[in-house]
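Participant: Residue numbers (the numbering used here), protein chains in the order written: chain B, 2 to 242; chain S, 134 to 444; chain G, 21 to 295.
Dropping the structure in here first, questions after.
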Amino acid sequence: MNPLLKIQNVSKTFGGFVALSSVSLEIAQGERFGLIGPNGSGKTTLISCVSGALRNESGSIVFDGEEVSRLAAYQRTRRGIARSFQIPRPFRSMSVLENLMVPLEYVVHKGSLHVSDTRSEALVLLKQMGLGGKAETPSHQLSQVELRKLELARAMAARPRLLISDEAMAGLSGSEVEEVLKILFDLNARGITIIMIEHIMQAVMRFSQRVVCLDAGKIICEGTPAEIMKHAEVQRAYLGA
Amino acid sequence: MSGRNFWIGAVAVLVLGVGLPLAPVINEYFFYAGYMVLTFVVLATAWNILGGYAGYVNFGPPAFFGVGAYAAVLLFKWVQAPLAAQIAGGAAIAGLLGFGVGLLTLRLRGIFFAIATVAVVFIMETLMINWRYVGGATGLQLLRPPVELFDSYTRMLFAVMALMSVAAVSIARYIQVSWIGRGLRALRDSEEAAESSGVPTLKLKLFACTVSGALMGAAGAPMPMYLSFIEPASTFNLSYTIGALGSAIIGGMSHWLGPIVGAILLGTLQQVVTVTISSEMNVLVVGVLLVLFVVAAPEGIVGLFKRIFKK
Amino acid sequence: MLGCFYAAVSIGLSVSFGLLDVPHVAHPAIMVLGSYCTWMLSVRGWDPIVAGVVLMPLFFVLGVLIYRFYYEVFEKRGSDAGVRGLAFFFGLAFIIEVGLILVFGVDQRSVEAAYIGKSFSVGDFRIPMRMVVAFGVALLLTFSLSIYLSKTFTGRAIKAVAQDEPALRLMGANPVRIKQWAFGIATAVSALAGAMLIIVSPVEPAIDRLYIGRTFCVVVLAGLGSMTGTLAAGLILGVAESIVLMQLGASWAPAVAFSLLLIVLGIRPQGLFGR
Chain B
2 MNPLLKIQNV
12 SKTFGGFVAL
22 SSVSLEIAQG
32 ERFGLIGPNG
42 SGKTTLISCV
52 SGALRNESGS
62 IVFDGEEVSR
72 LAAYQRTRRG
82 IARSFQIPRP
92 FRSMSVLENL
102 MVPLEYVVHK
112 GSLHVSDTRS
122 EALVLLKQMG
132 LGGKAETPSH
142 QLSQVELRKL
152 ELARAMAARP
162 RLLISDEAMA
172 GLSGSEVEEV
182 LKILFDLNAR
192 GITIIMIEHI
202 MQAVMRFSQR
212 VVCLDAGKII
222 CEGTPAEIMK
232 HAEVQRAYLG
242 A
Chain S
134 MSGRNFWIGA
144 VAVLVLGVGL
154 PLAPVINEYF
164 FYAGYMVLTF
174 VVLATAWNIL
184 GGYAGYVNFG
194 PPAFFGVGAY
204 AAVLLFKWVQ
214 APLAAQIAGG
224 AAIAGLLGFG
234 VGLLTLRLRG
244 IFFAIATVAV
254 VFIMETLMIN
264 WRYVGGATGL
274 QLLRPPVELF
284 DSYTRMLFAV
294 MALMSVAAVS
304 IARYIQVSWI
314 GRGLRALRDS
324 EEAAESSGVP
334 TLKLKLFACT
344 VSGALMGAAG
354 APMPMYLSFI
364 EPASTFNLSY
374 TIGALGSAII
384 GGMSHWLGPI
394 VGAILLGTLQ
404 QVVTVTISSE
414 MNVLVVGVLL
424 VLFVVAAPEG
434 IVGLFKRIFK
444 K
Chain G
21 MLGCFYAAVS
31 IGLSVSFGLL
41 DVPHVAHPAI
51 MVLGSYCTWM
61 LSVRGWDPIV
71 AGVVLMPLFF
81 VLGVLIYRFY
91 YEVFEKRGSD
101 AGVRGLAFFF
111 GLAFIIEVGL
121 ILVFGVDQRS
131 VEAAYIGKSF
141 SVGDFRIPMR
151 MVVAFGVALL
161 LTFSLSIYLS
171 KTFTGRAIKA
181 VAQDEPALRL
191 MGANPVRIKQ
201 WAFGIATAVS
211 ALAGAMLIIV
221 SPVEPAIDRL
231 YIGRTFCVVV
241 LAGLGSMTGT
251 LAAGLILGVA
261 ESIVLMQLGA
271 SWAPAVAFSL
281 LLIVLGIRPQ
291 GLFGR
């Protein structure tokens with residue numbers, strides 16, 4: 002079966018610094034995929050290349066059979082790739098509901114004038130995320146975990162087939178991590194392929210079917226969560242042993 | 134303000150705008166000064182589409198305004214074009230300029246765009262200084278064609294500007310409340326997040342730039358007729374920038390009412406100060422007010438009102 | 021020669037805008053302020069260069085104050101602030117310009133000194149003495165600033181804060197204090213630049229608008245944050261303007277800097293030596 006996302010020999014440098022060095026991997030439709038690695042290993046760079054926030058210098062990124070590495074970010078979103086940001090970036094001047102209306106109006110209902118329909122759709126989405134009561138709240142007043150949920154909700158509003166969650170759980174309490182994890186499991190159950198970047202090991206290992214570990218821009222190992230945990234290289238990368 | 138109320142208000146303004154000049158009772162000076170105030174309403178509203186809604190502060194009003202004015206002069210001199218055609222021509226060429234400048238610089242950060250607009254102002258000025266056909270550095274005198282319906286040409290221009298103001302504000306309002314406005318606000322809040330939410334940021338920015346430029350060009354087109362004269366230095370003067378920018382910021386950048394409030398306030402203030410003290414002092418006053426508002430009340434007068442009434 | 025002068029004038033901006041990312045459109049206005057202060061002192065018998073140097077500490081304090089204000093009000097507040105910061109500096113520039121008009125009037129001012137009005141010959145060329153002086157000072161300024169930024173601790177800290185603020189914090193330095201210091205230096209440099217400006221040619225309040233183009237052109241062409249690049253870019257601009265002056269005449273000259281700026285922005289926004 003064809004993979005949903007196929008990354009081949011992708012490289013990215015910043016000035017003299019090599020962030021990604023010929024990275025290749027494949028992700029199947031409906032998979033729960035984990036991406037781990039120490040800080041600065043290139044995880045966010047990689048997914049930024051996938052989402053279009055950055056352009057890879059070489060290699061190819063094929064999404065659902067189509068080469069997307071030359072497309073602008075918004076075009077990739079419209080084709081079904083969505084991401085949440087590590088540090089939440091809500092549209093501060095807008096309410097929670099309005100934040101969701103942006104992807105709804107620009108991806109799903111392009112330019113439609115039926116505001117009332119989009120509003121009710123946004124409200125449904127918010128309720129699914131547990132943010133139903135905060136619809137009219139200005140987005141800059143949300144708590145950390147609510148902001149993370151908004152990030153995910155906004156990504157979901159674009160009706161993606163591939164959702165990339167970039168450290169959505171960083172800094173959250175144990176129960177908050179559980180909340181977010183449950184949301185991600187539910188989304189996957191509905192058929193959405195999910196790439197998760199996290200440092201919280203137990204979350205990644207519980208969630209992922211397959212895990213890849215990056216270090217200094219290269220993949221150092223790939224496999225099931227159990228295999229990864231035992232891998233000497235991974236331990237070395239994280240503990241510097 | 135709901136849609137219906139807005140249109141009622143708009144019609145009222147139109148009636149006043151055309152009716153007042155027709156009434157012989159009012160002092161000519163009122164229309165003379167009023168024309169300038171209305172010009173700034175259009176300029177500030179146009180500026181706010183790009184500067185306020187999209188967040189791309191720029192110093193370009195003199196460039197687009199001036200281009201509109203000179204396009205009008207060109208059309209007038211070349212084919213004796215009527216005022217309506219001059220305005221259309223001014224808007225078209227200024228819009229094109231807006232598109233071009235946007236294409237060149239909108240991929241960069243905000244400040245580069247702002248500096249680029251200053252550059253365009255000076256380049257346009259230099260071009261016009263060196264173009265003999267439109268008068269060069271010394272400028273050109275223009276003969277107003279005879280006016281029908283109104284007692285004076287100035288009165289007619291006032292009516293025209295009133296019409297233009299209503300049109301400009303309607304456009305701004307539409308943009309603000311529609312999905313276009315939401316997209317602009319999204320890209321102003323976080324361009325990256327907007328892109329990843331499916332907003333074609335470059336296209337939207339170019340759109341805002343073009344519309345903004347076109348409206349400013351339209352505002353500039355009747356200017357040569359207003360003065361019966363045109364010359365580069367005063368046309369491409371950066372004080373149009375501070376007037377437009379100041380009006381929008383002081384009035385409030387997030388709402389279409391803001392530039393109107395700001396322009397009327399600043400316009401009348403300017404007239405008062407210029408007449409009583411001096412015209413340099415007037416620029417100082419605007420500058421000080423601008424800094425004051427930027428620092429202390431960034432949401433502008435409209436924003437302050439909103440806050441007071443929410444309580 | 022003119023190029024070096026432009027470079028000197030732009031160095032201050034290179035630091036405040038290039039390194040610190042402050043949208044300092046008021047930089048030329050402050051420089052003109054420096055020119056006028058120099059003029060005031062020279063009328064009382066001071067040599068302009070000496071006046072410029074003496075003004076430097078004063079302007080340093082001014083710079084620190086301005087930055088402090090800017091930081092408190094704008095940089096802290098995040099996203100919307102960029103827009104307003106720009107408007108703030110624009111307003112500031114206008115206020116300075118109009119203030120100067122109100123105090124000094126719109127006429128041009130110039131200064132007298134031993135080396136102004138004389139020139140000396142090198143082969144076929146007659147070089148005005150004052151240009152040589154400006155050239156010398158400019159060179160000195162560029163090199164000393166360059167050395168300062170790479171050799172001293174504060175200098176390197178300034179460069180570091182431009183690239184990686186969190187890292188700097190970890191090293192125990194206070195980024196705000198450093199930025200303040202840097203901005204102060206930039207402003208002090210403008211004072212000297214202003215002195216040179218009035219040495220080289222007469223000055224009037226509105227001249228800052230023209231220099232916005234020239235200084236930003238130099239800084240962008242150089243690439244943000246490169247001192248030596250500023251020198252090179254200044255030279256390029258100086259040469260370009262002189263060529264245009266000779267071929268097309270004075271009426272085209274002002275547009276050179278701005279056109280060059282646009283071209284650079286369109287083709288290679290990082291400049292020649294950019295980060």
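Here a beta-carbon is modelled for each residue, glycine too, at the ideal position from N, C-alpha and C.
Given the structure is predicted, the values throughout are model-derived calculations rather than measurements.
#1: Output, in chain order, the set of chain G residues within a Cβ distance shorter than 7 Å of S/Leu-337.
#2: May I ask you to list, following chain order, the residues of the segment 409-433 of chain S that have a beta carbon less than 9 Å from some beta carbon of chain B?
#3: List, in chain order, every chain S residue whose beta-carbon is nearer than 7 Å to that of B/Glu-106.
#4: Residues of chain S with a CB under 7 Å from the CB of G/Ala-275: which are they?
#5: Return the Cβ separation of G/Gly-72 and G/Gly-214 in integer angstroms, given the expectation that the two are a contact with Cβ distance under 8 Å.
#6: Can you give me the Cβ contacts of B/Lys-7 inside the same chain, cut-off strictly under 6 Å, excluding the 5 residues immediately before and after it?
#7: Just checking: is the beta-carbon of B/Ser-52 within a distance shorter than 8 Å of some beta-carbon in chain S?
#8: For G/Phe-163, does the count of other Cβ atoms within 10 angstroms reach 16, so buried, or fall short, so exposed?
#9: Quick one: give me the first and last residue of the beta strand (DSSP E) that B/Gln-9 is part of.
#10: In angstroms with no decimal places, state the Cα-to-Cα distance between G/Pro-225 and S/Pro-154.
#11: Count the C-beta pairs between the segment 331-350 of chain S and the segment 223-241 of chain S that are closer than 8 Å, then say yes if the count reaches three, no if not.
#12: With a Cβ-Cβ cutoff of 8 Å, do S/Val-170 and S/Ala-396 count as a contact?
#13: Taking the alpha-carbon positions, what's the S/Val-299 to S/Gln-309 distance?
#14: Since G/Pro-77 and G/Ala-208 are thought to touch, with beta carbons under 8 Å apart, how far apart are those beta carbons, to the nearest angstrom?
#15: Could you list which residues in chain G have their beta carbon closer than 8 Å to that of S/Ile-383, in chain order?
#16: Taking the alpha-carbon positions, what's the G/Ala-275 to S/Thr-374 distance?
#17: For my contact list, S/Pro-431 and S/Asp-284 are in at a C-beta cut-off of 8 Å; report their separation, rounded to the angstrom.
#18: Which residues in the same chain have their Cβ closer than 6 Å to the Cβ of S/Thr-287, if we skip the five residues on either side of it in sequence?
#19: If the cut-off is 9 Å on Cβ atoms, which residues from the segment 146-177 of chain B count as contacting chain S, listed in chain order?
#20: Could you tell me the distance, in whole angstroms, from the CA atom of S/Gly-136 to the CA atom of S/Val-267?
#21: Who are the Cβ neighbours of B/Leu-132 in its own chain at under 8 Å, not counting the five residues just before and after it?
#22: Near S/Ser-361, what residues of its chain come up, given a Cβ to Cβ distance below 8 Å and the 5 sequence neighbours on each side ignored?
#23: State the start and end residues of the unbroken alpha helix (DSSP H) segment that holds G/Leu-227.
#24: Whose Cβ in chain B lies nearer than 7 Å to the Cβ of S/Ala-202?
#25: Given B/Lys-13, which residues of its chain have a CB within under 7 Å of its CB, disregarding the five upstream and five downstream residues?
#26: For G/Pro-48, tell me which candidate among G/Cys-237, G/Val-74, G/Val-81 and G/Gly-125 has the shortest Cα-Cα distance.
#27: Who are the near neighbours of B/Gly-224 in its chain, counting only those whose CB is closer than 6 Å to its CB and skipping five residues on each side?
#28: So G/Ser-210 packs on G/Met-51, CB below 8 Å; how close in whole Å?
#29: With H, G and I counted as helix, E and B as strand and the rest as coil, what does DSSP make of B/Gln-87?
#30: Compare the C-beta of B/Thr-138 against all C-beta atoms of chain S and say whether one is closer than 8 Å.
#31: Kindly list the residues whose CB is nearer than 7 Å to the CB of B/Met-209, restricted to its own chain and excluding five residues on each side of it in sequence; keep chain order.
#32: Quick one: what does DSSP say G/Gly-143 is sitting in, helix, strand or coil?
#33: If we define contact as Cβ-Cβ less than 8 Å, is S/Gly-331 a contact residue for chain B?
#34: Mapping the DSSP letters down to three states, classify B/Leu-173 as helix, strand or coil.
#35: For B/Ile-165, which residues in the same chain have their Cβ closer than 6 Å to its Cβ, ignoring the five residues on either side in sequence?
#36: With a CB to CB cut of under 7 Å and the five nearest residues on each side skipped, what residues in its chain are close to G/Glu-117?
Facilitator: To lay it out plainly:
#1: Here the premise fails: no neighbours, minimum Cβ distance about 17 Å.
#2: none
#3: Trp-312 and Arg-315
#4: Phe-255, Ile-256 and Thr-259
#5: 7 Å
#6: Glu-27 and Val-63
#7: yes
#8: exposed
#9: Membership of B/Gln-9 in the beta strand (DSSP E) is indicated by the continuous run 6-15.
#10: 40 Å
#11: yes
#12: yes
#13: 15 Å
#14: 7 Å
#15: Within chain G, no residue comes near S/Ile-383; the closest Cβ sits about 10 Å away, beyond 8 Å.
#16: Distance between the alpha carbons of G/Ala-275 and S/Thr-374 is about 19 Å.
#17: Not a contact, Cβ separation roughly 44 Å.
#18: Phe-164 and Tyr-165
#19: Glu-152, Arg-155, Ala-156, Ala-158 and Ala-159
#20: 43 Å
#21: The beta carbon of B/Leu-132 lies closer than 8 Å to those of Val-97, Glu-147, Lys-150, Leu-151 and Ala-154 in the same chain, with the five residues before and after it left out.
#22: Gln-274, Leu-275, Leu-276 and Arg-277
#23: Just to set this straight, residue 227 of chain G is Ile in the shown sequence, not Leu. Its alpha helix (DSSP H) spans residues 227-242.
#24: Simply none; closest approach about 35 Å.
#25: Taken in chain order, the residues that qualify are Ala-20, Leu-21, Thr-46, Cys-50, Leu-55, Asn-57 and Glu-58.
#26: Taking only the C-alpha atoms, the option nearest G/Pro-48 is G/Cys-237.
#27: Result list for B/Gly-224: empty, nothing under 6 Å.
#28: That pair is a contact at about 4 Å.
#29: DSSP, read as helix, strand or coil, puts B/Gln-87 in coil.
#30: Interface residue (Cβ-Cβ distance to chain S less than 8 Å): B/Thr-138 is not classified as such.
#31: According to the sequence shown, residue 209 of chain B is Ser rather than Met. If we look at B/Ser-209 and ignore the five residues flanking it on each side, its Cβ neighbours are Arg-33, Phe-34, Gly-35, Met-197 and Pro-226.
#32: Annotation note: pLDDT 49 at G/Gly-143 (below 50); position unreliable, no value reported.
#33: yes
#34: coil
#35: Ile-48, Arg-84 and Ile-196
#36: A distance below 7 Å between beta-carbons, with the five flanking residues on each side excluded, links G/Glu-117 to the following residues of its chain, in chain order: Ala-49, Pro-225, Ala-226 and Asp-228.
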